[in-house]
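By my numbering, the letter at position 110 of the sequence shown is numbered 133, and the numbering carries on one by one without gaps.
The C-beta atom is built at its ideal place from N, Cα and C for all residues, glycine as well.
Remember, it's a predicted structure, so these values are computed and weren't measured experimentally.
Note sheet for the following structure.
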Amino acid sequence: MEMQVTTTENHVLTQDADLSLVHPLETSVDSQIPLSYQDYKAAQHREEFKAALDLYCRIDNVEGSHRAEQFLECRQWAWFARHEKTGMVKVIANSCHLRWCPLCAEAKSGLISSNVKKWLESIRRPKFFTLTVAHSNEPLAVQIQKLYKQFRAFRNHKAIKKTIRGGVWFFQLTYRPKAKQWHPHLHCVLDSDYISHRLLSLKWLATTGNSFIVDIRAVKDTLKAANDVARYSSRPCSLSNFKNIDNTEIFSVFHGKRLCGSFGTGRKVLLRPKPQEDFNSWKRLPSWQVVIANRRDNGPMQAIYKAWTLGRPVELCDVKTILNDPAADPAADYLELSVIPTEQLSFEDFY
């Protein structure tokens with residue numbers, strides 16, 4: 024993984040958010056890489072981060088919940104760790120697991136993209152398939168319920184079952200501002216023999232009664248296809264695209280709903296991260312803040328940073344003096360792995 028140097032504003036702002044919850048960005052004197060790992064990640068999703076914070080503040084005002092606070096704690100604690108056998112260096116951070124968090128979404132989509140790519144490379148004739156439905160004034164919740172039901176019925180057509188062996192599907196939502204209509208649709212990657220566009224269109228029309236627009240094409244670039252579909256794996260849309268729409272409707276409609284799934288041979292694709300089985304094999308190194316601040320003039324910190332950015336192991340002798348050494352990191356007290364439950368940790372660079 025190559026480090027991307029990013030610049031950020033002094034504050035993360037949102038129109039309706041409680042700004043007292045937002046901390047100012049900290050940056051090192053000689054670099055524009057934020058000393059806060061959350062700031063480093065959020066800078067890559069600036070508009071979406073602000074939109075998500077605004078949404079959770081609105082929801083908290085209605086429900087009396089604390090989602091905004093939980094959201095703002097995501098990736099606040101981050102440190103480097105070294106695998107005791109391979110020597111590889113990864114970033115470990117706490118995560119909020121909130122659906123509309125762009126930082127958690129990025130990690131999830133990265134995992135799914137990697138798994139989908141491997142699956143596409145293992146099948147003979149991968150296809151990219153999109154199903155759309157006719158525009159409607161029906162409530163969004165009704166449209167989504169119908170689409171899911173129709174997709175299941177579509178897959179049960181004899182001609183479809185005979186040709187399509189399996190697939191992985193992902194939901195996407197767009198909006199037509201002029202007509203004030205939602206446009207839900209499904210993207211799929213398929214394990215399929217040749218099937219004509221006309222047949223697919225006719226079967227989709229027979230299923231829905233009013234929709235016939237479909238698209239199917241051979242997958243030529245497995246990485247691109249995997250990335251295209253996986254970005255919808257945790258969020259069906261970008262909240263920042265709906266600035267003039269009450270996004271609390273989106274929140275309520277999608278609460279608890281599946282946004283991706285698999286069938287047939289596609290069930291081999293893992294759509295959820297597995298618990299890290301060798302968690303105890305990862306030995307804590309200093310925090311993100313300490314490594315970034317000292318990566319130019321401290322030998323061990325420089326070795327950690329280079330190993331991480333270049334994706335190569337770091338020798339034990341290069342970091343032995345600071346490995347699990349609280350004195351090497353003033354923030355060590357709150358960065359102990361035991362402080363945060365394993366299920367709330369994100370191994371950022373496994374994807």
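Closest residue to residue i among the options (Cα-Cα distance)
{"i": "A157", "options": "H278, F286, L228, Y60", "result": "L228"}
{"i": "C119", "options": "M111, S137, Q99", "result": "Q99"}
{"i": "A326", "options": "A91, A253, R258, A104", "result": "A104"}
{"i": "K243", "options": "F193, K140, W123", "result": "K140"}
{"i": "T332", "options": "N264, V114, H106, E86", "result": "V114"}
{"i": "I218", "options": "A253, A182, P296", "result": "A182"}
{"i": "L339", "options": "T186, R175, G110, F152", "result": "G110"}
{"i": "C302", "options": "C127, G87, H106", "result": "The question names Cys, yet the displayed sequence has Phe at residue 302. The shortest C-alpha separation from F302 is found at H106."}
{"i": "H208", "options": "N233, S88, L154", "result": "L154"}
{"i": "G232", "options": "W192, V252, A176", "result": "A176"}
{"i": "I135", "options": "Q168, R290, Q55", "result": "R290"}
{"i": "L293", "options": "H68, S256, F174, K306", "result": "S256"}
{"i": "G190", "options": "S224, R148, S159, K172", "result": "R148"}
{"i": "E70", "options": "T230, S261, L246, I187", "result": "S261"}
{"i": "F151", "options": "V112, Q168, T245", "result": "T245"}
{"i": "F265", "options": "T230, E161, L196, D62", "result": "L196"}
{"i": "Q168", "options": "K185, A330, G279, G87", "result": "G279"}
{"i": "R281", "options": "D320, K172, P200", "result": "K172"}
{"i": "Y63", "options": "W311, V112, V165", "result": "W311"}
{"i": "R307", "options": "S285, V342, G322", "result": "V342"}
{"i": "K226", "options": "E161, Q166, S285, N179", "result": "N179"}
{"i": "L222", "options": "D251, P200, K184", "result": "K184"}
{"i": "K108", "options": "V313, P323, S263, W305", "result": "W305"}
{"i": "L170", "options": "K73, R188, A65, F194", "result": "F194"}
{"i": "S137", "options": "D251, R258, S159, N321", "result": "D251"}
{"i": "F72", "options": "Q166, G87, A91", "result": "A91"}
{"i": "I187", "options": "G334, I239, N321", "result": "I239"}
{"i": "K203", "options": "S159, V212, V165, S224", "result": "S159"}
{"i": "S285", "options": "A66, G322, F174", "result": "F174"}
{"i": "V212", "options": "R319, A241, P323, A330", "result": "A241"}
beta-carbon residue i near the ligand GTP non-hydrogen atom, thresh 7 Å
{"i": "G287", "result": "Looking at this structure, you won't find the ligand GTP or any other ligand, since it has none at all."}
Cβ pair residue i, residue j closer than 8 Å
{"i": "A248", "j": "L143", "result": "yes"}
{"i": "D216", "j": "G287", "result": "no"}
{"i": "V276", "j": "L163", "result": "yes"}
{"i": "C80", "j": "C127", "result": "no"}
{"i": "I315", "j": "L58", "result": "yes"}
{"i": "W123", "j": "P309", "result": "no"}
{"i": "Y60", "j": "A116", "result": "yes"}
{"i": "H220", "j": "V237", "result": "yes"}
{"i": "W205", "j": "C283", "result": "no"}
{"i": "I146", "j": "T271", "result": "no"}
{"i": "I268", "j": "Y328", "result": "no"}
{"i": "S132", "j": "R295", "result": "no"}
{"i": "F274", "j": "L78", "result": "yes"}
{"i": "H68", "j": "P125", "result": "yes"}
{"i": "V337", "j": "V85", "result": "no"}
{"i": "A74", "j": "S234", "result": "no"}
Beta-ladder partner(s) of residue i, from DSSP
{"i": "R175", "result": "Answer is none; R175 lacks a bridge partner."}
{"i": "P151", "result": "With the sequence shown as reference, residue 151 is identified as Phe, and Pro is not the correct amino acid for it. DSSP output for F151 lists V212, R240 as bridge partner(s)."}
{"i": "R307", "result": "A104"}
Run of the alpha helix (DSSP H) containing residue i, from where it starts to where it stops
{"i": "C283", "result": "Counting along the chain, C283 falls outside any alpha helix (DSSP H), though it belongs to the beta strand (DSSP E) covering 283-287."}
{"i": "F103", "result": "Per DSSP, F103 belongs to no alpha helix (DSSP H); it is in the beta strand (DSSP E), 101-106."}
{"i": "S145", "result": "125-145"}
{"i": "A66", "result": "Counting along the chain, A66 falls outside any alpha helix (DSSP H), and DSSP gives it neither H nor E."}
{"i": "L333", "result": "322-333"}
{"i": "R90", "result": "90-96"}
{"i": "I273", "result": "270-277"}
{"i": "T245", "result": "245-253"}
{"i": "L121", "result": "It is not in any alpha helix (DSSP H) - L121 carries neither H nor E in the DSSP assignment."}
{"i": "V342", "result": "339-342"}
Boundaries of the beta strand (DSSP E) in which residue i is found, first to last residue
{"i": "I115", "result": "112-117"}
Taking only runs that begin and end inside the region 163-236, name each unbroken beta strand (DSSP E) of 3 or more residues, in chain order. Entirely contained in the region 163-236, the beta strand (DSSP E) runs reaching 3 residues are, in chain order, 187-199, 204-215.
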